[in-house]
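Shown next, in structure tokens, is the structure this report addresses.
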Amino acid sequence: MERGSAMAQARIGVTGLAVMGRNLARNLARHGHPVAVHNRTTSRTKSLVEEFGHEGTFVPAETPEDFVAALERPRRLVVMVKAGAPTDAVIDEFAPLLEPGDMIVDGGNAHFLDTRRREQALRERGIHFVGTGISGGEEGALHGPSIMPGGSAESYAALGPLLEDIAAKVDGTPCCTHVGPDGAGHFVKMVHNGIEYADMQLIGEAYDLLRHACGLPAAEIAEVFRTWNDGRLESYLIEITAEVLAHTDAATGRPFVDVVLDQAEQKGTGRWTVQTALDLGVPVSGIAEAVFARSASGHAQVRAAARGLPGPAPSRLEEAAAFADDVEKALYASKIVAYAQGFHQIQAGSAEYGWDVDPGAMATIWRGGCIIRARFLDRIRAAYDADPALTTLLTDDHFAEALGDAQDAWRKVVATAARLGIPAPGFSTALAYYDSLRAERLPAALTQAQRDFFGAHTYRRVDRDGSFHTLWGGDRTEIPG
Ligand code: 6PG
740 MERGSAMAQA RIGVTGLAVM GRNLARNLAR HGHPVAVHNR TTSRTKSLVE
790 EFGHEGTFVP AETPEDFVAA LERPRRLVVM VKAGAPTDAV IDEFAPLLEP
840 GDMIVDGGNA HFLDTRRREQ ALRERGIHFV GTGISGGEEG ALHGPSIMPG
890 GSAESYAALG PLLEDIAAKV DGTPCCTHVG PDGAGHFVKM VHNGIEYADM
940 QLIGEAYDLL RHACGLPAAE IAEVFRTWND GRLESYLIEI TAEVLAHTDA
990 ATGRPFVDVV LDQAEQKGTG RWTVQTALDL GVPVSGIAEA VFARSASGHA
1040 QVRAAARGLP GPAPSRLEEA AAFADDVEKA LYASKIVAYA QGFHQIQAGS
1090 AEYGWDVDPG AMATIWRGGC IIRARFLDRI RAAYDADPAL TTLLTDDHFA
1140 EALGDAQDAW RKVVATAARL GIPAPGFSTA LAYYDSLRAE RLPAALTQAQ
1190 RDFFGAHTYR RVDRDGSFHT LWGGDRTEIP G
């Protein structure tokens, strides 16, 4: 194709045709949207059109200039490349070719602070930058992801109908909405991933307890998860867990889960969630324990050195079925806590950056398409519908009742894990967070006194306003701080 010869035939364009980008372009084409496609390696562009050209209208472009020329105004460019420097490089390549009113959509897992930086820089050139979380992996990109676009309201007016058209649908509602300005979309996607880590950790602990406290074989645990997936724990993650646990390794005939190296990796979004929560002062202990559990699993040398440390003698629980029921309750209660923490972080980020994110809307677009999709999200949406100013999901009537019903089982599971020496950091931290919120008094009072003793950092009193300091090195009288 000659440079600049392309007519402006495409409604939207996708550059970066690795699997996610390619599937997103196919999804757009399948929905009748003429889509321009470009990839630095042009063979990928050619193979996409050759293999899937029958699915809709693709406008292949070999150069950035041809790609831009193929787009109707306002131009909508979707960038699907690795987060970080590669994204900056693509922006630097395309921005000079664009005109005010055009928009660049970043569909990668970018850090929201990078998105805020990029959005501001491009806004100064009249170009919209739309950091967009896209969840659901390769299958989701093709068949309907959950889409979390940030950016300006004006850009959403031009992009929203297209994105909502290709998003997953639940009860006819698209799993896509305008999350909020600048980095809000990537922030919410980051928290989605943090919640995903916590959810996966809790599921892992439930499996580990059934395997090692009850001695159930993987195939039987698969059936337990299948049963749970028919109830309130129904979710994509529970569903795939049953599939994985039922799978037999072809090479050895052993349960597949037993031949996988038990060292979890992480691309980084869960870590970002915790780092950001620390800066915001939001205790996302469930997500943090999940991130640290992955890190701990990877320290093979430390684990090998610690293997011989003393612990309880191995023992098996007799009543596996009853314990499995307890684990289901502990899992649901701990999941409520982890999601409550994640939504607290969304509310804190929204307040910090002035985004006005609607937590109920986030629950709504997470009901389908994304990795944490679940019936459970409907409950969260209902909680915020009932009280948009809810300070914590824990106090929503449904969740408070479920937490009350789970008390004995939850505490029994955490105690059993400790007694048998089975690590359950997710279950344990969820219970500790729950109890710390309920506590009439916390040992933080002692912490404040200690800080004043060694650092004169002052403290406040329960019976008077103001800050105070005690002259610990002198006559221990109290003076205003
Ligand atoms: C999604 C996923 C995706 C995530 C990968 C790997 O929402 O589709 O969360 O964004 O990056 O699944 O994640 P980790 O390597 O961090 O586990």
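All residue numbers for the sequence shown refer to the numbering used here, where the first residue is 740 and numbers rise by one.
Heads up, the beta-carbon is just placed ideally off N, CA and C, and yes, glycines get one too.
For residue i, does the three-state DSSP call read helix, strand or coil?
i	result
Ser891	coil
Pro1098	helix
Leu1133	helix
Ala860	helix
Ser744	Its pLDDT being 44, under 50, Ser744 is placed unreliably by the model, and the measurement read from it follows with that caveat. Residue state, collapsed to three classes: coil.
Lys908	strand
Val818	strand
Leu810	strand
Ile873	strand
Pro994	strand
Val758	helix
Gly933	helix
His925	helix
Arg1106	coil
Ser1206	strand
Glu982	helix
Ser885	strand
Pro913	strand
Asp853	helix
Between residue i and ligand 1, is there a pair consisting of the residue's CB and a ligand heavy atom that are separated by less than 6 Å?
i	result
Ile1026	no
Ile886	no
Gly875	yes
Thr1008	yes
Glu794	no
Glu935	yes
Gln1005	yes
Asn778	no
Ile905	no
Asn932	yes
Asn762	no
Asn968	no
Ile979	no
Ile1104	no
Ile1161	no
Ile1218	no
Asn848	yes
Ile942	no
Quick one: what's got a C-beta closer than 8 Å to residue i's C-beta in the same chain, skipping five residues either side?
i	result
Met939	Leu976, Ala1029
Ser1206	Thr1197, Tyr1198, Arg1199, Pro1219, Gly1220
Gly1212	none
Glu811	Ala747, Gln748, Ala749, Arg750
To the nearest angstrom, how far is it from the Cα of residue i to the Cα of residue j?
i	j	result
Glu1004	Asp997	17 Å
Gly1107	Asp988	30 Å
Lys928	Lys1068	28 Å
Gly889	Cys915	11 Å
Ala880	Arg1042	38 Å
Arg742	Asp805	Any reading at Arg742 must be qualified, since the residue scores a pLDDT of 39, below 50, and its modelled position is unreliable; the value itself is stated next. Arg742 and Asp805: Cα-Cα distance of roughly 6 Å.
Gln1146	Ala1072	8 Å
Ser874	Arg856	22 Å
Tyr946	Leu972	14 Å
Gly1165	Glu832	44 Å
Asp1018	Pro956	42 Å
Gly1194	Gly872	44 Å
Ser1089	Ala1045	43 Å
Glu1091	Leu1070	31 Å
Leu1159	Gln1187	35 Å
Ser786	Gln748	20 Å
Met740	Ile1104	Below a pLDDT of 50, predicted positions are generally treated as unreliable, and Met740, at 39, falls in that range; no measurement from the model is reported.
Gly919	Arg1114	25 Å
Only counting the same chain, and skipping five residues up and downstream in sequence, which positions put a Cβ closer than 7 Å to that of residue i?
i	result
Val983	Phe995, Val996
Ala985	Ala958, Ala961
Tyr1078	Ile934, Ile1119, Leu1132
Ile979	none
Under 7 Å, do residue i and residue j count as touching if we go by C-beta distance?
i	j	result
Val753	Val817	yes
Val820	Gly924	no
Ser891	His867	yes
Ala952	Leu1048	no
Ala822	Ala809	no
Thr1216	His1208	no
Asp1097	Lys1151	no
Pro813	Ala897	yes
Phe791	Arg750	no
Asp1124	Gly1099	yes
Taking 6 Å as the limit between beta carbons, can you name the residues of its chain near residue i, skipping five residues before and five after?
i	result
Gln1084	Val930, Ala1016, Val1021, Val1023
Ser894	Met842, His867, Val869
Ala745	Note on Ala745: pLDDT 49, under 50, position unreliable in the model; no value is reported.
Thr854	Gly870, Gly922, His925
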